[in-house]
DNA sequence: CGCGTTCTTGACTCACCTCAAACACAGTGG
DNA sequence: CCACTGTGTTTGAGGTGAGTCAAGAACGCG
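Chains as they are written, first to last, in UniProt numbering: chain A, 1 to 250; chain B, 1 to 250.
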């Protein structure tokens with residue numbers, strides 16, 4: 001018997017959190033909807049269908065290929081990796097999701113998830129039942145606009161993989177991209193953790209793990225950054241941005 | 001003064017063609033809509049907003065980056081190449097459009113075309129005013145469905161470029177892809193013309209022109225195909241399909 | 001401590017790119 | 001009719017970026 005995706009049994013209910021309007025401040029989904037012009041009343045409609053779930057621990061699966069699609073989820077804390085296994089048994093990393101970002105969007109046009117999602121560290125989520133949020137979106141243009149924007153942003157991010165960029169350019173674009181996304185959520189843009197393994201980065205960037213290792217080392221030797229195990233500090237951000245520029249603007 | 005994209009002055013009007021229901025049989029757009037369950041009456045609505053334009057000759061531009069988006073167009077005859085020029089002045093070929101395929105779809109979410117479209121040989125088009133067809137689509141689910149399908153198909157085709165496939169795999173996938181698309185329009189699947197230059201193929205596949213040349217030559221030496229200048233015949237179709245398989249199923 | 005996993009490092013290999021030159025063909029003009 | 005020119009294509013020689021293979025190092029964990 002296959003376990004249900006996004007188990008609801010460990011969901012904390014709204015009442016556990018006290019104040020209905022601050023409890024999801026780290027979830028960022030509703031914040032963005034506010035920015036799209038949603039009012040407080042609509043926000044409350046949104047909040048009643050949110051479930052906080054987690055924690056998931058490193059290696060825990062959030063959903064798997066073929067699980068029935070019932071919900072999308074905003075990452076509140078931690079990092080989620082999505083991937084597929086091709087028919088030759090090789091893993092392909094599709095993306096990493098940081099706090100504030102939404103997983104499950106690529107399942108919208110099907111009835112099951114097209115990929116696996118796994119926690120890379122301790123992950124907390126805000127679960128949104130998709131049928132419910134879709135109905136709500138028909139009433140709330142701000143919500144609909146936000147959903148569309150999330151979708152198109154996800155599609156655009158694939159451009160990082162296309163193109164015949166060098167290993168240096170890919171790596172720089174990856175780091176700058178992470179940095180910007182973290183900064184957008186209020187984290188330090190220049191000092192952060194690589195929560196994913198080198199092999200995952202390599203797989204995502206379509207490089208060999210050894211190449212990732214070497215490029216990071218060379219970047220360090222050249223004073224562009226400082227890396228110690230998974231701890232990372234960007235030193236010469238400008239130079240990294242320059243390297244990444246042709247990739248990120250594609 | 002910038003010339004208007006899709007000049008309407010050389011459009012032939014409906015009445016020039018005699019029978020309203022057969023005149024656009026080569027355009028294939030309406031055929032596909034029929035297949036999506038559209039009835040004859042609806043098809044007539046569609047036909048009254050079609051304009052036949054052309055001929056465009058090799059090198060003629062159909063639209064350019066920044067031209068106001070007014071219409072999509074189905075290729076009736078010939079081949080269209082779309083491309084952009086990056087800010088370093090380098091050309092990037094985005095795609096080739098064969099008879100029966102639709103150009104301009106990527107402009108839908110903006111108000112101008114995001115790329116250039118140029119005729120590679122003598123091109124005839126069916127022009128559809130987009131505002132008009134969009135309104136019509138709200139009444140005709142078959143049309144809307146077809147438009148959505150065209151869009152998602154276009155997005156999916158980008159997968160050929162992503163992935164770190166070998167030159168052989170890319171080339172095979174390109175040829176098999178062309179062959180299938182031509183076959184779908186009733187052309188011979190195994191004997192056709194490469195209407196685009198080697199440099200365009202190379203650019204599209206992100207290979208050096210010399211590599212394209214060499215791979216074709218080797219395929220010929222190995223008996224997979226026969227190529228003479230731009231004339232092409234696929235001999236061992238199966239082997240090419242095998243080579244292309246991992247690329248095309250991605 | 002031993003053990004497994006992740007990461008690093010070095011040596012080697014290879015596919016593809018780059019550079020350079022020859023070639024084929026179309027169009028042009030003498 | 002034939003050079004002349006330009007563009008597109010082919011071919012060869014050489015270089016190189018990144019993959020592969022293999023071994024070692026650093027840490028986390030039982």
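Backbone N, C-alpha and C fix where the C-beta goes; we use that ideal spot for every residue, glycine too.
Predicted model only: the values in this text are computed from it and were never measured.
Would you say residue i lies against chain A (beta-carbon separation less than 9 Å)?
{"i": "residue 161(B)", "result": "yes"}
{"i": "residue 168(B)", "result": "no"}
{"i": "residue 87(B)", "result": "yes"}
{"i": "residue 180(B)", "result": "no"}
{"i": "residue 198(B)", "result": "no"}
{"i": "residue 191(B)", "result": "no"}
{"i": "residue 164(B)", "result": "yes"}
{"i": "residue 206(B)", "result": "yes"}
Am I right that residue i and residue j are in contact with their C-beta atoms under 8 Å? What's the rounded C-beta distance?
{"i": "residue 96(B)", "j": "residue 171(B)", "result": "The Cβ separation is near 14 Å, so there is no contact."}
{"i": "residue 203(A)", "j": "residue 92(A)", "result": "7 Å"}
{"i": "residue 212(B)", "j": "residue 230(B)", "result": "Incorrect: roughly 12 Å between the Cβ atoms, too far for contact."}
So, for residue i: in the same chain, excluding its five sequence neighbours on each side, which residues have a beta-carbon less than 6 Å away from its beta-carbon?
{"i": "residue 60(A)", "result": "119"}
{"i": "residue 244(B)", "result": "172, 173 and 176"}
As a quick exercise: from the options, pick the residue whose alpha carbon is nearest that of residue i.
{"i": "residue 151(B)", "options": "216(B), 51(B) and 108(B)", "result": "108(B)"}
{"i": "residue 124(A)", "options": "113(A), 221(A), 223(A) and 62(A)", "result": "62(A)"}
{"i": "residue 134(A)", "options": "105(A), 101(A) and 114(A)", "result": "105(A)"}
{"i": "residue 239(B)", "options": "46(B), 222(B), 148(B) and 165(B)", "result": "222(B)"}
{"i": "residue 68(B)", "options": "53(B), 112(B) and 200(B)", "result": "112(B)"}
{"i": "residue 139(A)", "options": "249(A), 192(A), 41(A) and 167(A)", "result": "41(A)"}
{"i": "residue 169(A)", "options": "55(A), 148(A), 207(A) and 199(A)", "result": "207(A)"}
{"i": "residue 74(B)", "options": "146(B), 53(B), 102(B) and 209(B)", "result": "102(B)"}
{"i": "residue 161(B)", "options": "247(B), 131(B) and 235(B)", "result": "247(B)"}
{"i": "residue 47(B)", "options": "94(B), 143(B), 237(B) and 114(B)", "result": "143(B)"}
{"i": "residue 228(B)", "options": "236(B), 200(B), 192(B) and 210(B)", "result": "192(B)"}
{"i": "residue 49(B)", "options": "241(B), 217(B), 129(B) and 220(B)", "result": "129(B)"}
{"i": "residue 132(A)", "options": "205(A), 78(A), 51(A) and 200(A)", "result": "51(A)"}
Less than 9 Å between CB atoms is the rule here; does residue i satisfy it with respect to chain B?
{"i": "residue 106(A)", "result": "no"}
{"i": "residue 246(A)", "result": "yes"}
{"i": "residue 218(A)", "result": "no"}
{"i": "residue 237(A)", "result": "no"}
{"i": "residue 76(A)", "result": "no"}
{"i": "residue 41(A)", "result": "no"}
{"i": "residue 214(A)", "result": "no"}
{"i": "residue 249(A)", "result": "yes"}
{"i": "residue 22(A)", "result": "With a pLDDT of only 35 at residue 22(A), under 50, the local geometry of the prediction cannot be trusted, and no value is derived from it."}
If I measure Cβ to Cβ from residue i and keep anything under 8 Å in the same chain, skipping five residues before and after, which residues do I get?
{"i": "residue 116(B)", "result": "61, 63, 64, 65, 82, 83, 84 and 85"}
{"i": "residue 188(A)", "result": "182"}
{"i": "residue 184(A)", "result": "100"}
{"i": "residue 165(A)", "result": "173, 246 and 247"}
For residue i, which residues in the same chain have their Cβ closer than 7 Å to its Cβ, ignoring the five residues on either side in sequence?
{"i": "residue 45(B)", "result": "136"}
{"i": "residue 235(A)", "result": "223, 224, 225 and 226"}
So does residue i have its beta carbon nearer than 8 Å to some heavy atom of the ligand NAP?
{"i": "residue 211(B)", "result": "You won't find the ligand NAP in this model; it holds no ligand whatsoever."}
Runs of alpha helix (DSSP H) wholly within the UniProt domain "HTH crp-type" (165-238) of chain A (minimum 4 residues, chain order): 167-184, 198-205 and 209-221
What ranges does the alpha helix (DSSP H) occupy inside the region 49-78 of chain A, keeping only unbroken runs of at least 4 residues that lie completely in it? none
Counting only runs that start and end within the region 67-153 of chain A, where is the alpha helix (DSSP H) found for 4 or more residues in a row? 130-139
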